[in-house]
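Heads up: the sequence shown begins at 40 in our numbering, then just goes up one per residue.
Beneath this line is the structure, given in structure tokens, with notes to follow.
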Amino acid sequence: MTAPTLALATGPELYQQWQQLRTEQSGLRARDAAAKLGVSEAELTASRLGVDTVRLRPEWKTLLPALGELGYIMALTRNEHCVHERKGVYHEVTIMGSGQMGMVLSPDIDLRLFLSGWASVFAVDENTARGPQRSIQIFDRQGTAVHKVFLTATSEEAAWAPLVERFRAEEQSVELDLQPLPAAKAPRADSEVDADKLRTEWSALQDTHDFFALLKRNDVARTQALRLAGHQWAEPLATVELTNLIEEAGKREVPIMVFVGNQHCIQIHSGPVSNLRWMDTWFNVLDPAFNLHLKTTGITELWRVRKPSVDGIVTSYEGFDANGELVIQLFGVRKPGVPERDDWRTLAESATPMTV
Numbered sequence: 040m041t042a043p044t045l046a047l048a049t050g051p052e053l054y055q056q057w058q059q060l061r062t063e064q065s066g067l068r069a070r071d072a073a074a075k076l077g078v079s080e081a082e083l084t085a086s087r088l089g090v091d092t093v094r095l096r097p098e099w100k101t102l103l104p105a106l107g108e109l110g111y112i113m114a115l116t117r118n119e120h121c122v123h124e125r126k127g128v129y130h131e132v133t134i135m136g137s138g139q140m141g142m143v144l145s146p147d148i149d150l151r152l153f154l155s156g157w158a159s160v161f162a163v164d165e166n167t168a169r170g171p172q173r174s175i176q177i178f179d180r181q182g183t184a185v186h187k188v189f190l191t192a193t194s195e196e197a198a199w200a201p202l203v204e205r206f207r208a209e210e211q212s213v214e215l216d217l218q219p220l221p222a223a224k225a226p227r228a229d230s231e232v233d234a235d236k237l238r239t240e241w242s243a244l245q246d247t248h249d250f251f252a253l254l255k256r257n258d259v260a261r262t263q264a265l266r267l268a269g270h271q272w273a274e275p276l277a278t279v280e281l282t283n284l285i286e287e288a289g290k291r292e293v294p295i296m297v298f299v300g301n302q303h304c305i306q307i308h309s310g311p312v313s314n315l316r317w318m319d320t321w322f323n324v325l326d327p328a329f330n331l332h333l334k335t336t337g338i339t340e341l342w343r344v345r346k347p348s349v350d351g352i353v354t355s356y357e358g359f360d361a362n363g364e365l366v367i368q369l370f371g372v373r374k375p376g377v378p379e380r381d382d383w384r385t386l387a388e389s390a391t392p393m394t395v
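Okay, here's the thing in structure tokens:
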């Protein structure tokens, strides 16, 4: 049976539709329920206002540092094919002067925040079969979840209510002023790209963080740049090599950096991985402080990428979906000023590239 499109349903009406769906399909996550009901996840969350949810003021410069008051939490960032969950304390928050960018650089919660796309935020206090589940949930202008923060069993529960009250929006409105996603720019034909210039600039990189600027200057899509860079800098790999790499890193106790994000937030785990589990086509890391849930069928391209830096070559694995969107990146653990680890490079270079 096809679910009805309920884009016009709001507030209590939408909430009732959702509860009916939950009785029919227990365990259905909000993101999937929203898709079935023809609304965004933000609209679904807003329908809970007055039930178990409070709308907060989107004052990122003060709200984000205040999350540190909650103590040991679980931060969750995801995209269509991968969920990244990291536990720790939300501190060392920096919001840049313009308010468009931010970072969290604590040893456990490590985030890159692109705040210009953040739009709405809610505090959810839900009763579940496992007891109360409290979270701060942030959405973009399309109503897609950007970032969520969940309280854990050892969080500072007493800090929850004061924080919610302090940032409670004066008007508890379900209106979100959602905007359509801007049409993606079609990449230029390969023949229109000056590949020699691209390779020259690539070889002159001093910092991996300059890579995005390189793409912009040369007006190339990311996967297009990888195709044109030449095998010195980028090699296609069989997609199975992504999970092979994580499994081998676990066996050899090689600490890795796992980057997962969306257009508005990137979340990073740095450290070892050990408890690795397959569940059908989902590959999972289920460690005490770090969980990863990767839908492997969503990865349609995998590249081994090398970027020069002042500290030497930095090697990464980059997995993309069918739309050319970056799903996940893997690096060896390293700090600025320190060369890439030999054990990581040996592991990363062990896969045989595909012939294309």
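Backbone N, C-alpha and C define an ideal beta-carbon position, used for all residues, glycine too.
| query | result |
| --- | --- |
| Lys100 - DSSP class collapsed to helix/strand/coil | helix |
| N- and C-terminal bounds of the alpha helix (DSSP H) containing Arg70 | Ala69 to Leu76 |
| Per-residue burial, Asn301 [other beta carbons within 10 Å of its own, 16 or more giving buried] | buried |
| Every unbroken beta strand (DSSP E) within the region 81–160, with a cutoff of 3 residues, ordered by chain | 92–95, 110–117, 121–128, 132–134, 140–144 and 149–153 |
| Start and end residues, alpha helix (DSSP H) containing Leu284 | Val279 to Arg291 |
| Exposure of Ala73, with buried meaning 16 or more beta-carbon neighbours within 10 Å | buried |
| Separation of Asp360 from Asp382, as counted between CA atoms | 28 Å |
| Simplified DSSP state of Arg256, which is helix, strand or coil | helix |
| Per-residue burial, Leu144 [other beta carbons within 10 Å of its own, 16 or more giving buried] | exposed |
| Limits of the beta strand (DSSP E) - the one that Arg343 falls within | Glu340 to Lys346 |
| Cβ-based neighbour list, Leu254, same chain, cut-off 7 Å, excluding 5 preceding and 5 following | Arg261 and Ala264 |
| Top-ranked residue by Cα proximity to Phe329, from Ser348, Lys346, Ile295 and His303 | Ile295 |
| Where the alpha helix (DSSP H) through Leu267 begins and ends | Arg261 to Ala268 |
| Three-state secondary structure assigned by DSSP to Ala46 | Note that Ala46 scores a pLDDT of 43, beneath 50, so its modelled location is shaky; the value from the coordinates is reported in the next line. In this structure, Ala46 counts as coil in the three-state DSSP scheme. |
| Nearest-angstrom beta carbon gap, Gln181 and Leu220 [assumed within contact, 8 Å] | 5 Å |
| Backbone CA spacing between Phe400 and Leu115 [nearest angstrom] | Nothing about residue 400 can be reported from this structure: the residues present for the chain run from 40 to 395 only. |
| Own chain, CB closer than 6 Å to Thr320, minus 5 neighbours either side, in chain order | Thr335 and Thr336 |
| C-beta atoms of Ser389 and Gln368 nearer than 7 Å | no |
| CB contact flag (Val132, Leu95, <7 Å) | no |
| Among Val293, Asn314 and Glu80, the one whose alpha carbon lies nearest that of Thr385 | Val293 |
| Euclidean distance between Cα positions of Val122 and Glu52 | 30 Å |
| Three-state secondary structure assigned by DSSP to Pro51 | helix |
| Cβ shell of Gln139 (< 7 Å), same chain only, five flanking positions each side left out | Leu154 and Ser155 |
| Glu357 - containing beta strand (DSSP E), residue span | Val353 to Phe359 |
| Delimiting residues of the alpha helix (DSSP H) encompassing Trp199 | Trp199 to Phe206 |
| Test item: CB-CB of Ala234 and Glu80 under 7 Å | no |
| Where Cys304 sits in the DSSP three-state scheme | strand |
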